[in-house]
Amino acid sequence: MINAATIAARYIEVWNETDTSRRQALLTEHWAADALYVDPLMKGHERAEISRLIGAAQERFPGFRFALEGDADGYGDRVRFSWRFGPDSEPDMIMGTDFALIENGQLKQVTGFLDKVPAA
């Protein structure tokens, strides 16, 4: 049985990791080698490409951090959790909900939805 809270916390940890080597180590530990990430703005396949997407998001939004919003839940091999993203002054500038497929304890596929985005 999967622990949805642990999976979601590991996911957020990867997105907040700014050190490329450490982020790659976290991806290797917690994401399947052939993982797929997709949201309305980007898509990445396999760990290295997902790491580059995360790095690009960090460059575009310096000083922004992800945090879980509410409790993660799941059943079987699926997990759902919501998050917020923004600077310290407005930590919920962007909000979303992600759905993940878990295989052998690792993230296999993540589909992200944006629930709140700034107008501009």
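According to our numbering, the sequence shown is numbered sequentially starting from 1. Yeah, the Cβ is synthetic: ideal placement off N, Cα and C, and Gly gets one too. Remember, it's a predicted structure, so these values are computed and weren't measured experimentally.
Opening and closing residue of the alpha helix (DSSP H) in which residue i lies
i: Thr20; result: 20-30
i: Glu89; result: Residue 89 is actually Ser in this sequence, not Glu. Looking at the DSSP string, Ser89 is not in any alpha helix (DSSP H), and its letter there is neither H nor E.
i: Gly55; result: 47-60
i: Ile7; result: 4-16
CB contact flag (residue i, residue j, <8 Å)
i: Ala4; j: Val110; result: no
i: Phe85; j: Thr97; result: no
i: Gly63; j: Pro87; result: yes
i: Ser121; j: Met93; result: A query on residue 121 cannot be resolved here, the shown segment of the chain reaching from 1 to 120 and no further.
i: Pro121; j: Ala67; result: Since the displayed the chain opens at 1 and closes at 120, residue 121 lies outside it and no answer follows.
i: Met42; j: Leu53; result: yes
i: Ala35; j: Arg47; result: yes
i: Tyr11; j: Leu101; result: no
i: Ile2; j: Gly70; result: no
i: Thr6; j: Ser51; result: no
CA-to-CA distance, residue j to residue i, given in whole angstroms
i: Glu49; j: Ser89; result: 30 Å
Neighbourhood of residue i by C-beta, 8 Å cutoff - its chain only, sequence neighbours within 5 removed
i: Glu103; result: Ala32, Asp77
Close-in-space but distant-in-sequence residues of the same chain around residue i (CB under 7 Å, 5 per side omitted)
i: Thr18; result: Gln58
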